[in-house]
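J.:
2 protein chains.
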Amino acid sequence: MQRLVLKELPRYECLVEASKQFPDLEPAACEAFMHLIRASEEVMRVMNAHFAAHNITQGRFLVMMLLLEKTGDCPRPTTPAELADLASVSRATVTGLLDSLERDGFVRRVPDPTDRRQMSVSLTPKGQSFMHDILPDHFRLLTRLMGNLSDNEQKTLSRLLTKVSMQAASLSNGGGTTPA
Amino acid sequence: MQRLVLKELPRYECLVEASKQFPDLEPAACEAFMHLIRASEEVMRVMNAHFAAHNITQGRFLVMMLLLEKTGDCPRPTTPAELADLASVSRATVTGLLDSLERDGFVRRVPDPTDRRQMSVSLTPKGQSFMHDILPDHFRLLTRLMGNLSDNEQKTLSRLLTKVSMQAASLSNGGGTTPA
DNA sequence: CATTTTTAGTAAGGCGGCTAATTATTAGCC
DNA sequence: GGCTAATAATTAGCCGCCTTACTAAAAATG
Chain F
14 MQRLVLKELP
24 RYECLVEASK
34 QFPDLEPAAC
44 EAFMHLIRAS
54 EEVMRVMNAH
64 FAAHNITQGR
74 FLVMMLLLEK
84 TGDCPRPTTP
94 AELADLASVS
104 RATVTGLLDS
114 LERDGFVRRV
124 PDPTDRRQMS
134 VSLTPKGQSF
144 MHDILPDHFR
154 LLTRLMGNLS
164 DNEQKTLSRL
174 LTKVSMQAAS
184 LSNGGGTTPA
Chain S
14 MQRLVLKELP
24 RYECLVEASK
34 QFPDLEPAAC
44 EAFMHLIRAS
54 EEVMRVMNAH
64 FAAHNITQGR
74 FLVMMLLLEK
84 TGDCPRPTTP
94 AELADLASVS
104 RATVTGLLDS
114 LERDGFVRRV
124 PDPTDRRQMS
134 VSLTPKGQSF
144 MHDILPDHFR
154 LLTRLMGNLS
164 DNEQKTLSRL
174 LTKVSMQAAS
184 LSNGGGTTPA
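Chains as they are written, first to last, in our numbering: chain F, 14 to 193; chain S, 14 to 193.
#1: Compare the C-beta of S:Leu148 with all C-beta atoms of chain F and state if any pair is closer than 8 Å.
#2: Apart from the five residues just before and just after S:Gln44, which ones in its own chain have a Cβ nearer than 7 Å to its Cβ?
#3: Name the residue from S:Ala31, S:Leu49, S:His63 whose alpha carbon lies nearest to the alpha carbon of S:Asp146.
#4: Taking the CB atoms as reference points, tell me whether F:Leu158 and S:Gln180 lie closer together than 8 Å.
#5: For S:Ser132, which residues in chain F fall below 8 Å Cβ to Cβ?
#6: Does DSSP put S:Ser103 in a helix, a strand or coil?
#7: Terminal residues of the continuous alpha helix (DSSP H) containing S:Pro138?
#8: Which same chain residues end up closer than 8 Å to S:Val177 when comparing Cβ atoms and leaving out the 5 residues on each side of it in sequence?
#9: Rounded to the nearest angstrom, what separates F:Asp37 and S:Phe152 at their Cα positions?
#10: With distances taken Cα to Cα, identify the nearest neighbour of F:Lys20 among S:Pro138, S:Asp98, S:Met78, S:Phe35.
#11: At a CB-CB cut-off below 7 Å, which residues of chain F make contact with S:Leu99?
#12: Quick check on S:Val123: buried or exposed, where buried means 16 or more other Cβ atoms within 10 Å of its Cβ?
#13: Return the residue from the list F:Gly118, F:Asn61, F:Ser183, F:Arg121 that minimises the CA-CA distance to S:Leu154.
#14: Closer than 7 Å, Cβ to any Cβ of chain S: which residues of the segment 157–183 of chain F, in chain order?
#15: What is the DSSP secondary structure of F:Arg89, counted as helix, strand or coil?
#16: Cutting at 7 Å between CB atoms, please list the residues of its own chain near F:Gly226, excluding the five before and the five after it.
#17: Measuring CB to CB, does S:Leu162 end up less than 8 Å from S:Leu170?
#18: Going straight from the alpha carbon of F:Asp125 to that of F:Asp112, what length do you get?
#19: Using a 10 Å radius around the Cβ and a threshold of 16 neighbouring Cβ atoms, would you call S:Gly189 buried or exposed?
#20: Can you tell me whether DSSP reads F:Ser185 as helix, strand or coil?
#21: Does the beta carbon of S:Ala105 come closer than 8 Å to any beta carbon on chain F?
#22: Are any of the Cβ atoms in chain S nearer than 8 Å to that of F:Val56?
#23: Can you find a CB in chain F that lies within less than 8 Å of the CB of S:Gln71?
#24: Buried or exposed, going by whether 16 or more other CB atoms sit within 10 Å of the CB of S:Ala105?
#25: Could you work out which residues of chain S lie near F:Val102, taking near to mean beta carbons separated by less than 7 Å?
#26: Hey, does S:Phe46 have any beta-carbon neighbour from chain F nearer than 8 Å?
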């Protein structure tokens, strides 16, 4: 399920031209923004085709990924609320995803004995083996998606994107979307 | 309308650890991928809040943006099929968006006199002035979103993301999602 | 103990897709 | 002119992934 994105981004000269009509338009920033949105959509288009080939969707995949037994000290959620928090969505959304995954036998929900409001969520053996089946391909694919970039470029990209994320987060929390 | 994304990305050391369990996992590529998805979602979260404050949604905004009178020689679509092509979605999707925009008085559809299969689509004066009202804020916001980056970093980001897009496009067309 | 907070889930609604089918029209060929 | 194939926009039906408001029950708080 993709979002609308421009097939061809405007050339830089077009942006400069448009900035005469719209003085608030900053060409380099606008271009970077559009490239960010387009690249992510294109990458997700490829990933979603891969998911579809394995009869899984993005949302379900992420939930299962979060529930997957992992080595090391990475946080692993066990309740719907934790899943919702880690995935930055509402609990209602998680309920829907878990309903669907449980129906298909990938996850199991059991009431928590220590707090009866809570459910404890885990992957079933079927869910575990499903993930172990598709993850090699998944990782290979995303390595190929980044394959045009050198190791150094990948690191640079991550660094720059972290800066963008932080700025977006501060604009979200600062609430100041428009100084008017 | 946002998609699930990890709130906190795994630390690089976690990825290295996981690559022992999953040998196909390449830590730098994986990290760059996750940063790409997260940054774009965070940025779009901010943009969507801005759209919501103006009672417009992303899809409708893009359609209106495509229809907007622009200086210079930027392509401007006039039929639903052209809109669909430029936005990389199906014509059925465009029909839905146009229905909604027409209902609200932002666009007008008239049958094309030269080919009676076609409709000609344009912004109404209401649509034009709506866009002229919100675009200054819109451009200011995306400039701020990229504000953490120097001009040079913005250019670098665009360049790297172009590389990613091209790779994604070639994987899409090549059809070789998994060499297996 | 009374009140407030928290949990998972439900209901209702929305956005933005998609495919397949349909209807009317056009293009190209004989 | 008649016919076939292609095309345009739309409709119907479905999907994925959200959201908010609300509920009942349980837990926390003072």
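We treat Cβ as the ideally placed atom computed from N, Cα and C, and that holds for glycine.
T.: In short:
#1: S:Leu148 counts as touching chain F.
#2: Looking at the sequence itself, residue 44 of chain S is Glu, so the reference to Gln does not match. Excluding the 5 residues flanking it on each side, S:Glu44 has same chain C-beta neighbours closer than 7 Å at Tyr25, Leu28, in chain order.
#3: Of the listed residues, the one whose Cα sits closest to S:Asp146 is S:His63.
#4: Yes.
#5: With the sequence shown as reference, residue 132 of chain S is identified as Met, and Ser is not the correct amino acid for it. Going along chain F, no residue has its Cβ under 8 Å from S:Met132, so there is no contact; the nearest lies around 19 Å.
#6: In the structure shown, S:Ser103 sits in coil (DSSP, three-state: anything other than H, G, I, E or B).
#7: Start and end: 138–158.
#8: If we look at S:Val177 and ignore the five residues flanking it on each side, its Cβ neighbours are Leu49.
#9: C-alpha separation (whole angstroms): 6 Å.
#10: Out of S:Pro138, S:Asp98, S:Met78, S:Phe35, the CA that lies nearest to the CA of F:Lys20 is found in S:Asp98.
#11: Neighbours of S:Leu99 on chain F, chain order: Leu19, Lys20.
#12: Exposed, since its Cβ has fewer than 16 Cβ neighbours within 10 Å.
#13: Here the closest residue by C-alpha is F:Ser183.
#14: Residues passing the 7 Å Cβ filter: Arg157, Leu158, Met159, Gly160, Asn161, Leu162, Asp164, Glu166, Gln167, Lys168, Thr169, Leu170, Ser171, Leu173, Leu174, Thr175, Lys176, Val177, Ser178, Met179, Gln180, Ala181, Ala182.
#15: When DSSP states are grouped into helix, strand and coil, F:Arg89 belongs to the coil group.
#16: Nothing about residue 226 of chain F can be read from this structure; chain F reaches only from 14 to 193.
#17: Yes, these two residues count as a Cβ contact at 8 Å.
#18: For the pair F:Asp125 and F:Asp112, the Cα-to-Cα distance works out to about 17 Å.
#19: Confidence at S:Gly189 is low in this model, with a pLDDT of 43, below 50, so its placement is unreliable and the value that follows should be read with caution. Around the beta carbon of S:Gly189, fewer than 16 other beta carbons sit within 10 angstroms, so the residue counts as exposed.
#20: Three-state DSSP puts F:Ser185 in a helix.
#21: With 8 Å as the cut-off, S:Ala105 does not count as an interface residue toward chain F.
#22: Output row for F:Val56: interface = yes.
#23: True, the Cβ-Cβ gap to chain F drops below 8 Å.
#24: By the Cβ-count criterion, S:Ala105 is exposed, with fewer than 16 other Cβ atoms from all chains shown falling within 10 Å of its own Cβ.
#25: Residues of chain S passing the Cβ test: Leu17.
#26: So, interface residue.
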